[in-house]
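S.K.:
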Amino acid sequence: MKKIQQVMENKKPGRITDYDKKLPIVELYYCVQSEGSRSGMPTVCVRTTGCTHRCWFGEGGWCDSWYTSIHPEKGGFSFNDIKKMYDDRPDIKEMMLTGGSPTMHADLVNELTHFANERGILITIETEGSHFIETDYPIGLISLSPKFTNSIPKVGVETPKGAITDENMIKQHNKFRLNKEVIKQMMEYHTDYHFKPVCNPDEMPEVWQEIESFRQELGIPKNKTYIMPPGDNRDELIRVYPMVMDFCRDNGFNFTGREHIIAFDTKRCV
Ligand code: SF4
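Residue numbers 737 to 1006, in the working numbering, belong to the letters of the sequence shown in order.
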């Protein structure tokens, strides 16, 4: 416990004072939350750029938000832009903070917790679990999607913008991957969490074994586990949905779809 407290004390984030400054936010838009336990609710998506990981899923291809991770675009939105989204739609009381890896931007996340506390907004932060942040107000929901061995790139693969992977990229990917101590701190400190592994256990039995060992080691109950089918386009999701749904029905897990992909296919900002 002492060790955890020490780590927590060392990670106190700051505040953002210049609300006009451009932040590492690459997308900002209204949408309907379509993954996990807040599914179906209108929300504001804040997508940060930059990621600690370099996910490559073999036949499943590169990270579907590669423009925030493998080839990160520059951010172009300010804190005032976020405020305006909620000023214009005061009925929306949800925020989906995603990336990239939002926990790389501790001051921004901390400032958002102040904003959310003032306005009664529930923040869902999507994280692979690289960094713990002791925000001034706890985050409403940690949506945890740690990356397992099927996410490790291989040497010699072409990236979305035509670079070729090397050992350094693999090292970078594994540096923060499955950081269990950090993941435990995130689960304990913040208000609530769910675990959202991406897997089709029927076709990926080895990956499912890893996921299940991780879940049991961390004591995550089945009713906080939402299994999400892999696939970044409509056709692939429609193919795998029935298998993952049947698995959830037969084994007592929650199923979560990716309804924005079913509705809009590969379109961005939806
Ligand atoms: S952790 Fe998420 S955002 Fe980062 S590379 Fe992997 S899939 Fe992409």
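All C-beta atoms in this analysis are idealised placements derived from N, C-alpha and C, irrespective of residue type, glycine included.
Can you tell me which of Val918, Ile878 and Ile997 puts its alpha carbon nearest to the alpha carbon of Tyr962?
M.R.: Answer by Cα proximity: Ile878.
S.K.: Apart from the five residues just before and just after Ile875, which ones in its own chain have a Cβ nearer than 7 Å to its Cβ?
M.R.: Once the five neighbours on either side are set aside, the close Cβ partners of Ile875 are Thr849, Ile859, Ile861, His926 and Thr927.
S.K.: DSSP on Asp754, reduced to helix/strand/coil?
M.R.: Of the three classes helix, strand and coil, the one that applies to Asp754 here is coil, per DSSP.
S.K.: Within this structure, are the beta carbons of Pro749 and Ile869 separated by less than 7 Å?
M.R.: Their beta carbons are under 7 Å apart, which means Pro749 touches Ile869 by this criterion.
S.K.: Can you give me the C-alpha to C-alpha distance between Thr1045 and Gly967, rounded to a whole angstrom?
M.R.: Residue 1045 lies beyond the stretch modelled for the chain, which goes from 737 to 1006, so this question has no answer here.
S.K.: Taking Cβ positions, are Arg783 and Glu809 nearer each other than 7 Å?
M.R.: Not in contact: Arg783 and Glu809 (Cβ atoms no closer than 7 Å).
S.K.: If we call anything under 7 Å between Cβ atoms a contact, is Phe991 one with Lys958?
M.R.: Against a cut-off of 7 Å, the Cβ pair of Lys958 and Phe991 comes out as no contact.
S.K.: Given Cys799, which residues of its chain have a CB within under 7 Å of its CB, disregarding the five upstream and five downstream residues?
M.R.: Result list for Cys799: Cys791, Ser805 and Ile806, in chain order.
S.K.: When you compare only the Cα positions, how much space is there between Gly835 and Asn987?
M.R.: Distance between the alpha carbons of Gly835 and Asn987: 30 Å.
S.K.: Here's a check: name, in chain order, each residue in its chain whose Cβ is nearer than 7 Å to the Cβ of Asn969, leaving out the five neighbours to either side.
M.R.: The residues are Ile997, Asp1001 and Thr1002.
S.K.: When the Cα atoms are used, what is the spatial distance from Lys916 to Ser881?
M.R.: Their backbone Cα atoms lie some 12 Å apart in a straight line.
S.K.: Using only the alpha-carbon positions, how far apart do Tyr929 and Thr863 sit?
M.R.: Those two C-alpha atoms are separated by around 11 Å.
S.K.: For Glu795, tell me which candidate among Thr785, Trp944 and Val893 has the shortest Cα-Cα distance.
M.R.: It is Val893.
S.K.: Can you grab the Cα-Cα spacing for the pair Gly865 / Met831, in whole Å?
M.R.: About 19 Å.
S.K.: From the DSSP output, in three-state form, read off Ile997 for me.
M.R.: If DSSP states are grouped into helix, strand and coil, Ile997 belongs with the helices.
S.K.: I'd like to confirm the pairing. Which residues does DSSP put opposite Trp792 in its beta bridges?
M.R.: Trp792 is bridged to Trp798.
S.K.: Checking the sheet assignment: what are the DSSP bridge partners for Cys781?
M.R.: Per DSSP, Tyr765 and Met832.
S.K.: Measuring only the C-alpha atoms, how far is Tyr873 from Lys907?
M.R.: So the two alpha carbons sit approximately 34 Å from each other.
S.K.: Helix, strand or coil for Val891, going by three-state DSSP, please let me know.
M.R.: Correct three-state label for Val891: coil.
S.K.: Quick one: what's got a C-beta closer than 7 Å to Ile947's C-beta in the same chain, skipping five residues either side?
M.R.: Here the set comprises Phe884, Pro933 and Cys935.
S.K.: I need the boundaries of the beta strand (DSSP E) containing Ser770, first residue and last residue.
M.R.: That residue, Ser770, is in no beta strand (DSSP E); it is neither H nor E in DSSP.
S.K.: State the Cα-Cα distance for the pair Asp827 and Leu759, rounded to the nearest angstrom.
M.R.: Asp827 and Leu759: Cα-Cα distance of roughly 25 Å.
S.K.: On a Cα-Cα basis, can you pick out the residue from Asn816, Met840 and Ser814 that is closest to Thr871?
M.R.: Nearest of Asn816, Met840 and Ser814 to Thr871, Cα basis: Met840.
S.K.: If we ignore side chains and look at the alpha-carbon of each, how far apart do Glu939 and Arg951 end up?
M.R.: Each residue's Cα considered, the two are about 19 Å apart.
S.K.: With distance defined between alpha-carbon atoms, name the residue in Val918, Val768, His909 and Ser814 nearest to Cys781.
M.R.: Of the listed residues, the one whose Cα sits closest to Cys781 is Val768.
S.K.: Can you list, in chain order, the residues of its chain with a C-beta nearer than 7 Å to that of Arg774? Leave out the 5 residues immediately preceding and following it.
M.R.: Same-chain partners within the cutoff: Glu830, Thr860 and Leu877.
S.K.: Going along the chain, which residues of its own chain have a beta-carbon closer than 8 Å to the beta-carbon of Val976, five neighbours each way excluded?
M.R.: Asn936, Glu939, Pro965, Pro966 and Gly967, listed in sequence order.
S.K.: Counting along the chain, where does the alpha helix (DSSP H) carrying Phe983 start and finish?
M.R.: Note, Phe983: alpha helix (DSSP H), Arg970 to Asn987.
S.K.: If Asn1007 sits next to Asp756, beta carbons under 8 Å apart, how far is it from one beta carbon to the other, in whole angstroms?
M.R.: Because residue 1007 is not part of the residues shown, which for the chain are 737 to 1006, the question remains open.
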